[in-house]
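Going by my numbering, the sequence shown opens with residue 1290, and the numbers climb by one from there. This report refers to the structure that appears directly beneath it.
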Amino acid sequence: MSWVLQHADFFNNRSMEWNSTYMVWKKFFADEGFTETELESATVAVFRRSKVPVFGAEHLNALKEELREIRRKAREAALKELQRRPPCPVCSNGGTVRVPNRSLIDAAGNWDDAKSQSLDWAVCDRCDSAKILGCGGLSLTDYESRVPNWRSLLARQDEIDKKTDSMPSSQVEREYEAIKARLRSVFLELQNNQLNPS
Ligand SMILES: [Zn+2]
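Take a look at the structure:
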C-alpha cells in the first residue's frame, strides 16, 4: 500500500482532493530525501499522538515533526552503533584520515612537512563512519591514487620525530582523531537540539 493510501485510510480522508494533496506532500518529502518507509512510520506516529491533528496544515506540520524525530533517532542509533563497533583499521571510526597535504608534495614525491598546514584530511571509504558522521571531501581511494606513497611519507616523519624525542606525529594524530570524533558528536547533538527545540 502506498503512503498516500495509508495516510488517507488512517485519517479517513479518502476523497480525490485529499489524494492529490497527499501526492504533492509525498513528492515534497521525497525531494527532501525521505523514503516511503519513513513516511509510513511518520503517519503511524502522528496517528498515535494523544492530540490527533484536524486540519491539513496541522497534518503537514505533524508529519514534518515526526520525520525529523525519525531521522534524529536513526542518527542517534547509528552513532551509538559506531561507538560500539570495533575500530576501523584505517580511521579508528573517526571517518577521516590524516594525510600529507598534497600541495606540499613535490614532483619527486617528497613532502615538505615543516610548513604549517602540512597535514590534510582524506575521507575514509573503507568503512561507513564518514557517512554516519557526515564527513565530506576527497576519499582516501582518490587521495591514494594521487599520492600512493603517503604512508611511507608519514612513517618517515614519525622516525624523524622519534629521533628528535618529540611525541610521534601518529600518536598526536590518534589523540586528535579521538577529540575530533567527540566534537562531531557534540556538534550533531547541538544541531539536533536546534532542529527539535524542546
Ligand atoms: Zn574507516
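Virtual Cβ for every residue (Gly too), placed ideally from N, Cα, C.
* **Residues surrounding ligand 1 [beta-carbon distance to nearest heavy atom under 6 Å]** => Cys-1377, Val-1379, Cys-1380, Cys-1413, Arg-1415, Cys-1416 and Ser-1418
* **Reduced DSSP secondary structure (H/G/I, E/B, other) of Leu-1427** => coil
* Would the beta-carbon of Ala-1260 fall within 8 Å of that of Leu-1356? -> Here the chain covers residues 1290 to 1487 and nothing more, so residue 1260 does not appear.
* Looking at the structure shown, is Thr-1324 part of a helix, part of a strand, or coil, going by DSSP? -> coil
* Along the alpha helix (DSSP H) that carries Arg-1445, what are the first and last residues, could you check? => 1439 to 1452
* Determine the extent of the alpha helix (DSSP H) in which Val-1293 is found, giving its start and end residues. => 1292 to 1300
* Which residues in the same chain as Phe-1323 place their Cβ atom closer than 7 Å to its Cβ, once the five residues preceding and following it in sequence are excluded? -> Leu-1356
* **Residue(s) in a DSSP beta bridge with Pro-1389** => Leu-1408
* Strand pairing of Trp-1314, partner residues [DSSP] -> DSSP lists no partner for Trp-1314.
* **Beta-carbon spacing of Ser-1418, Asn-1382 below 8 Å** => yes
* Asked: What's the call for Leu-1352, buried or exposed, on a 16-neighbour Cβ count within 10 Å?
  -> buried
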